[in-house]
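Chains as they are written, first to last, in this note's numbering: chain Y, 249 to 407; chain V, 923 to 1323.
Below is one structure; the comments refer to it alone.
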Amino acid sequence: MDELLKILQTNALESRENLARMLACPVAEINERIAGFEKDGVIRGYQAILNEDKLGLDKVTAVIEVKVTPQREGGFDTIAERISRFPEVSSAYLMSGTYDLLLFVEGRTLREVASFVSERLSPLEGILSTSTHFMLKTYKRFGVLMRQDKSDERLSVSP
Amino acid sequence: MNASPSLRDFLNTTVRDIPRSGIRDFFDIVTTMKDVISLGIGEPDFDTPWHVRESAVFALERGVTHYTSNLGYLDLRVALAKYAAKAFGAEYKPDTEVLVTVGVSEALDLALRALLNPGDEVLYHEPCYVSYRATILFAHGVPVEVPTSAENGFRLTRAMLEARTTPRTKVLMLNFPNNPTGAVMSREDLEDIAAFIRERNLIVITDDIYGELTYDQPHTSLVSLPGMRDRAILLHGFSKAWAMTGFRLGYACGPAVLIDAMMKIHQYTMLCASSLSQKAALEALTRPEVDVTQMVDEYRRRRNFIASALGDMGLQCHRPLGAFYAFPSIAGLGVTSHEFAIRLLHEERVAVVPGTAFGACGEGFVRCAYATSMDNIKEAMLRMDRFVSKLRKAQGAGAPI
Ligand SMILES: Cc1ncc(COP(=O)(O)O)c(C=O)c1O
């Protein structure tokens, strides 16, 4: 992957000056390349990675496996995009294996998610079945461990 | 009452007379202080790759807790020979030409002890790793330092060697990529050295522990040059590229006669390297192109950053091409390396190591290790910039008009 994207993917807040230093190129070039990535839709947004378990939110997340019939035109894309437009759906993927779509759905309560599945999702044309799992605890998100134990065991000066 | 003076008389005189490592003294000061950002650490800040740690746990569960063959597990030696061929460009027979050791440290000691008779001279280029001189002395050799300089990027030249060679010269030690300077040698640079080695009929100990950590060009090992493999002991290990310092695992490759002699000492003094570490090393060799490459990419970004930041504060620094050290010059600031390091520590809480810890010709330089997080490096560079400006101002104020 592009070196600049790699850095942004681990720290999107890195200053343009620092990025320029790390990649040994002018700041103007960094600005230009980032603007290019944004324009081309390679970079789709910048978000903080939260440890939500620490916030005690009224929020549940369900992981839903969905089987669908692909449409005659548009295959899986038409139905997947239709489902993705619901704001309750935070992520949606086309999968290989025993089901077709994997959804991450968020709601305030179990009930809210359940009613989304039964009233919104299941009735859609082309949905064959769904299987809903609720998430209990997060250990790692986007490559970041939720537990912070950043102790440096090293001696402070060594040869 | 005071028993120590008389007990000192019992000490071996060589051991007694060798000073403690300058790094050690510095470490003692740093540990008494809080909130220090250390650029003084000569080991990776990365965690050992998880699959490697997990394999050590699994080995422990399976009861891999016994002595191994003196040379090390055969499957590991097979993997090491394969790796050495790929990474260093020389072929070794796993059954007779590879010895697994307790870090490169032990391998270095074995190599010197296996080769030296009292009074034999060993050439080694300075600035260098702090152990070289002492290890030569412990092996009853005569250390002959060959100073290198910033003007030619701390590389070694034939002329430098010629100036220091005598009829008693037996061994040449090489360490590129270099600790503490970050210098590397190109194939052309090494060709000159190889010709010299051939003419003077020297044996070489080449410490290639930082071989994976080069940022602009791939590493060339001396052993890949014609004829060199047959008169060299190649030392390498897992401490640096795999961030496995605490595992204490290294190895030596060389002609069977030399490895066998080293093995004799190893057999009687060490028996074997840790069984668990050997299993972990075998696992580490399964996917270096993933683990090592990731770390190298990050080190390169840090190298770029630190080189640019040092340049911006007006410190001369030859471009660090390998290992994870920058070695900027602090000449012209009106302080010695030692004063610079001590004052930077007290006034800005940044630890660097005075160049003199690596040999007298390190005066005027400090070693900044970038084996620490980018955040630490950024903050350390800000603080160092402030400190350097202060020194400059004081210089200007005190300068004769
Ligand atoms: C040049 C050099 N050789 C050898 C070593 C020691 O390595 P090991 O951990 O394998 O004993 C170091 C460690 O800093 C080093 O810098």
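Cβ coordinates follow ideal geometry from the N, Cα and C atoms, glycine included.
Proximity to residue i [Cα-Cα], best of the options
i                 : options                                       : result
Met1150 (chain V) : V:Ala1085, V:Ala1245, V:Val1126 and V:Gln1200 : V:Val1126
Asn1123 (chain V) : V:Trp972, V:Arg1153, V:Ile1131 and V:Gly962   : V:Arg1153
His381 (chain Y)  : Y:Ala276, Y:Pro274 and Y:Glu354               : Y:Glu354
Asn1074 (chain V) : V:Pro1065, V:Thr1103, V:Val1093 and V:Val1066 : V:Thr1103
Pro941 (chain V)  : V:Ser1053, V:Gly1041, V:Arg1222 and V:Phe1076 : V:Ser1053
Val1288 (chain V) : V:Arg1314, V:Asp1297 and V:His1240            : V:His1240
Thr386 (chain Y)  : Y:Gly304, Y:Arg292, Y:Ala268 and Y:Gly284     : Y:Gly304
Gln1189 (chain V) : V:Pro971, V:Asn992, V:Val979 and V:Arg946     : V:Asn992
Thr935 (chain V)  : V:Asn1039, V:Val979, V:Phe948 and V:Phe1060   : V:Phe1060
Gln1139 (chain V) : V:Val1145, V:Ala1116, V:Pro1148 and V:Ser1108 : V:Ser1108
Ala1006 (chain V) : V:Leu1157, V:Lys1201 and V:Arg1314            : V:Leu1157
Ala1116 (chain V) : V:Leu1096, V:Ser1230, V:Asn1101 and V:Arg1086 : V:Leu1096
Ala1072 (chain V) : V:Pro1089, V:Ile1058, V:Asn1100 and V:Glu1084 : V:Asn1100
Leu1038 (chain V) : V:Pro1049, V:Ala1012, V:Gly1277 and V:Pro1065 : V:Pro1065
Pro1148 (chain V) : V:Asp1114, V:His1141, V:Ala1174 and V:Met1166 : V:Asp1114
Pro1040 (chain V) : V:Pro1276, V:Arg1308, V:Ala1003 and V:Gly1063 : V:Gly1063
Cys1050 (chain V) : V:Lys1015, V:Gly944 and V:Val952              : V:Gly944
Phe1246 (chain V) : V:Arg1222, V:Ala1263 and V:Gln1238            : V:Arg1222
Asn414 (chain Y)  : Y:Met394, Y:Arg402 and Y:Lys398               : No statement about residue 414 (chain Y) is possible, as the shown extent of chain Y runs from 249 to 407 and does not include it.
Lys1312 (chain V) : V:Cys1283, V:Ser1199 and V:Glu1269            : V:Glu1269
Contacts that residue i makes with chain V (C-beta to C-beta distance below 7 Å)
i                : result
Leu393 (chain Y) : Those within 7 Å of Leu393 (chain Y) in chain V number zero; the least Cβ separation is about 11 Å.
Arg389 (chain Y) : Those do not exist, as Arg389 (chain Y) stays about 17 Å from chain V at its closest Cβ, beyond 7 Å.
Proximal residues of chain V, C-beta to C-beta of residue i below 8 Å
i                : result
Met270 (chain Y) : Arg1223, Arg1224, Asn1226, Phe1227 and Met1296
Ile255 (chain Y) : Arg1223
Residue j beta carbon less than 9 Å from that of residue i
i                 : j                 : result
Leu369 (chain Y)  : Val314 (chain Y)  : yes
Val1026 (chain V) : Glu1134 (chain V) : no
Val290 (chain Y)  : Leu376 (chain Y)  : no
Arg1224 (chain V) : Ile1131 (chain V) : no
Arg1305 (chain V) : Arg1265 (chain V) : no
His1047 (chain V) : Thr1023 (chain V) : no
Gly964 (chain V)  : Ser406 (chain Y)  : yes
Gly1233 (chain V) : Tyr1137 (chain V) : no
Ile1228 (chain V) : Ala1206 (chain V) : no
Leu1032 (chain V) : Val1068 (chain V) : no
Ala1183 (chain V) : Val1218 (chain V) : no
Ile424 (chain Y)  : Val365 (chain Y)  : Nothing about residue 424 (chain Y) can be reported from this structure: the residues present for chain Y run from 249 to 407 only.
Gly1286 (chain V) : Ala1253 (chain V) : yes
Gly1202 (chain V) : Val1020 (chain V) : Note that residue 1202 (chain V) corresponds to Ala in the displayed sequence, not to Gly. For Ala1202 (chain V) and Val1020 (chain V), no; Cβs fall outside 9 Å.
Asp1129 (chain V) : Thr1079 (chain V) : no
Ser404 (chain Y)  : Gly962 (chain V)  : yes
Gly284 (chain Y)  : Pro318 (chain Y)  : no
Glu367 (chain Y)  : Val308 (chain Y)  : no
Ala1012 (chain V) : Val1145 (chain V) : yes
Ala1231 (chain V) : Ser960 (chain V)  : no
Leu1255 (chain V) : Val1310 (chain V) : yes
Ala1001 (chain V) : Ser1197 (chain V) : no
Thr990 (chain V)  : Ala1178 (chain V) : no
Phe948 (chain V)  : Val1275 (chain V) : yes
Val937 (chain V)  : Leu1034 (chain V) : no
Leu267 (chain Y)  : Leu256 (chain Y)  : yes
Amino acids of chain V, ordered along the chain, whose beta-carbon sits closer than 9 Å to that of residue i
i                : result
Val353 (chain Y) : Within chain V, no residue comes near Val353 (chain Y); the closest Cβ sits about 31 Å away, beyond 9 Å.
Asn266 (chain Y) : Phe1227, Met1296 and Lys1300
Proximal chain Y residues relative to residue i, where beta-carbon distance stays under 8 Å
i                 : result
Ala1231 (chain V) : Arg269
Proximal residues of chain Y, C-beta to C-beta of residue i below 7 Å
i                 : result
Tyr1051 (chain V) : Pro407
Val1275 (chain V) : Val405
Quiz prompt | Selection of the stretch 326 to 347 of chain Y by Cβ proximity to chain V, strictly under 8 Å | solution = none
Quiz prompt | Residues in the stretch 949 to 967 of chain V having any Cβ partner in chain Y nearer than 8 Å | solution = Phe949, Val952, Thr953, Val958, Ser960, Gly962, Ile963, Gly964, Glu965 and Asp967
Practice problem: Please list, in chain order, all residues with a C-beta atom less than 6 Å from at least one heavy atom of ligand 1. | Solution: Y:Pro407, V:Gly964, V:Gly1025, V:Val1026, V:Ser1027, V:Tyr1051, V:Asn1097, V:Asn1101, V:Asp1129, V:Ile1131, V:Gly1159, V:Ser1161, V:Thr1167 and V:Gly1172
Quiz item: Mind listing which residues of the stretch 938 to 949 of chain V have their C-beta closer than 8 Å to chain Y's C-betas, in chain order?
Solution: Ser943, Ile945, Phe948 and Phe949
Exercise. Return the residues of the stretch 281 to 292 of chain Y that lie within a Cβ-Cβ distance of less than 7 Å from chain V, sorted by chain order.
Key: none
Self-check item: the stretch 355 to 379 of chain Y: positions lying closer than 7 Å to chain A by Cβ
Solution: Among the protein chains of the structure shown, namely Y and V, there is no chain A.
Quiz item: Using a beta-carbon distance cut-off of less than 8 Å, what residues from the stretch 310 to 321 of chain Y approach chain V?
Solution: none
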